[in-house]
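J.: Let me give you the structure first, and then I'll get to my questions.
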Amino acid sequence: MEKTTRIALTTVSAVIGIVLAYAAFLIYMTWPISTYSIDKAGVFGDSFGILTSIFSGLAFAGVIWTVLSQLEELSITRDQLKNQGIENAFFQMLALHNQILNDIDLSKETVNGIIRTNGRDAINIFVERLIKNYKTVNSTSMSKKESEKANDAYGMFWLKHKSELAHYYRFLYNLIRYVDNSQSDKKETYIALVRAQISNQELSLLFYNCLSQQGSAFMKYAEDYSLFDNLIETDLMRPEHMELMSDKALGRNP
Numbered sequence: 098m099e100k101t102t103r104i105a106l107t108t109v110s111a112v113i114g115i116v117l118a119y120a121a122f123l124i125y126m127t128w129p130i131s132t133y134s135i136d137k138a139g140v141f142g143d144s145f146g147i148l149t150s151i152f153s154g155l156a157f158a159g160v161i162w163t164v165l166s167q168l169e170e171l172s173i174t175r176d177q178l179k180n181q182g183i184e185n186a187f188f189q190m191l192a193l194h195n196q197i198l199n200d201i202d203l204s205k206e207t208v209n210g211i212i213r214t215n216g217r218d219a220i221n222i223f224v225e226r227l228i229k230n231y232k233t234v235n236s237t238s239m240s241k242k243e244s245e246k247a248n249d250a251y252g253m254f255w256l257k258h259k260s261e262l263a264h265y266y267r268f269l270y271n272l273i274r275y276v277d278n279s280q281s282d283k284k285e286t287y288i289a290l291v292r293a294q295i296s297n298q299e300l301s302l303l304f305y306n307c308l309s310q311q312g313s314a315f316m317k318y319a320e321d322y323s324l325f326d327n328l329i330e331t332d333l334m335r336p337e338h339m340e341l342m343s344d345k346a347l348g349r350n351p
């Protein structure tokens, strides 16, 4: 809007300047005026006829400029609506992701009845069970590489808990993919918001999921957005497992 006002003022000033300059030129060429009559006054007035053509051309150019300005404003409006649509969809998906997390439910029968654990508390139990699996694998397969033992432990864990976690992983993957495929200039901001929603325990499970065969597609986004740069090594099955992840995913400078 400021640009439009500035151009309009410049145009008006230019037109006034042209009229004054032309009038001054005519007066200069005819000065001194010794006699004045109706005929000469008419000739003097007719000499401004050339300006009529100039102003007609300027008027036509003004119409074209107005149309172009309106098209530019419409384009800006479309872009704003598009970005707003992307942002609304993102926050709706983020809210749905949190709902999926809260809906994760674990139940355990005890002498006092059934104990239920939901949401991030269930994630904490998952991590404990994963670490327990690793201890079992480590004690029975000491000759294997750490990468193999980590995959074996997570494989055992996944077979038992994929029904609770598959939806969580799948939606988180599609949420990040949606942001990555969007035309928004706020991708990094959106991904930062997603990362802020992920707890340390969730990040630990996601770490091993990315290293596994079923989660390999997630690795692209882990590396593109350094999803594990805030990962705490003590949250892993073993601190040395940090070396199993790429530097890009960990946010390290190669």
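In terms of our numbering, the sequence shown is numbered consecutively and its last residue is 351.
Ideal placement from N, C-alpha and C gives every residue a C-beta, glycine not left out.
(1) Beta-carbon separation of threonine 214 and aspartate 200 under 9 Å?
(2) Does the region 261-270 come close enough to the region 296-316 to have 3 or more Cβ pairs within less than 8 Å?
(3) So, under 8 Å CB-CB, methionine 334 and alanine 219 are touching, yes? Tell me the CB distance rounded to an integer number of Å.
(4) So the candidates are Glu225, Ser281, Gln196 and Tyr318; which of them puts its Cα closest to the Cα of leucine 302?
(5) Apart from the five residues just before and just after isoleucine 197, which ones in its own chain have a Cβ nearer than 8 Å to its Cβ?
(6) Here's the rule I'm using: 16 or more other beta-carbon atoms within 10 Å means buried, otherwise exposed. How should glycine 298 be labelled?
(7) Which residues in the same chain as lysine 345 place their Cβ atom closer than 7 Å to its Cβ, once the five residues preceding and following it in sequence are excluded?
(8) Taking just the CA atoms, how far does leucine 191 sit from aspartate 91?
(9) Quick check: the Cα distance between glutamate 243 and histidine 338, rounded to an integer number of angstroms?
(10) Taking the beta strand (DSSP E) that leucine 203 belongs to, which residues open and close that run?
(11) Give a yes or no on whether the C-beta atoms belonging to leucine 300 and aspartate 332 are separated by under 9 Å.
(12) Could you give the DSSP three-state label for arginine 349: helix, strand or coil?
(13) So within the region 228-315, which uninterrupted alpha helix (DSSP H) runs reach at least 4 residues, ignoring any that extend past its ends?
(14) Do the CB positions of phenylalanine 187 and tyrosine 275 come within less than 9 Å of each other?
(15) What is the residue span of the beta strand (DSSP E) that threonine 214 lies within?
(16) Run the CB neighbour count on isoleucine 329, radius 10 Å, all protein chains shown included, and call it buried at 16 or more, exposed below.
(17) Does the Cβ of proline 336 have 16 or more other Cβ atoms within 10 Å, making it buried, or fewer, making it exposed?
(18) Assign leucine 193 to one of two classes, buried (16 or more other C-beta atoms within 10 Å of its C-beta) or exposed (fewer than that).
(19) State the Cα-Cα distance for the pair threonine 237 and aspartate 249, rounded to the nearest angstrom.
(20) Is it the case that the Cβ atoms of glutamate 261 and phenylalanine 223 are separated by a distance below 9 Å?
(21) Am I right that isoleucine 273 and tyrosine 318 are in contact with their C-beta atoms under 8 Å? What's the rounded C-beta distance?
T.: By the coordinates alone:
(1) Going by C-beta atoms, threonine 214 is not nearer than 9 Å to aspartate 200.
(2) yes
(3) With a Cβ gap of about 18 Å, methionine 334 and alanine 219 do not count as contacting.
(4) Glu225
(5) So the qualifying residues of the chain are His264, Tyr265 and Phe268.
(6) The amino acid at residue 298 is misidentified as glycine; the sequence shows glutamine. With 16 or more other Cβ atoms within 10 Å, it is buried.
(7) For lysine 345, where only same-chain residues beyond five positions count, the Cβ hits under 7 Å are Glu320 and Ser323.
(8) Residue 91 lies beyond the range of the chain shown here (98 to 351); nothing can be said about it.
(9) For the pair glutamate 243 and histidine 338, the Cα-to-Cα distance works out to about 7 Å.
(10) 202-207
(11) yes
(12) coil
(13) 243-278, 284-294 and 297-308
(14) yes
(15) 210-215
(16) Under this definition isoleucine 329 is an exposed residue.
(17) Its Cβ having fewer than 16 others within 10 Å, proline 336 is exposed.
(18) Here leucine 193 is exposed, its C-beta having fewer than 16 other C-beta atoms within 10 Å.
(19) Going by the C-alpha atoms only, they are around 11 Å apart.
(20) yes
(21) 5 Å
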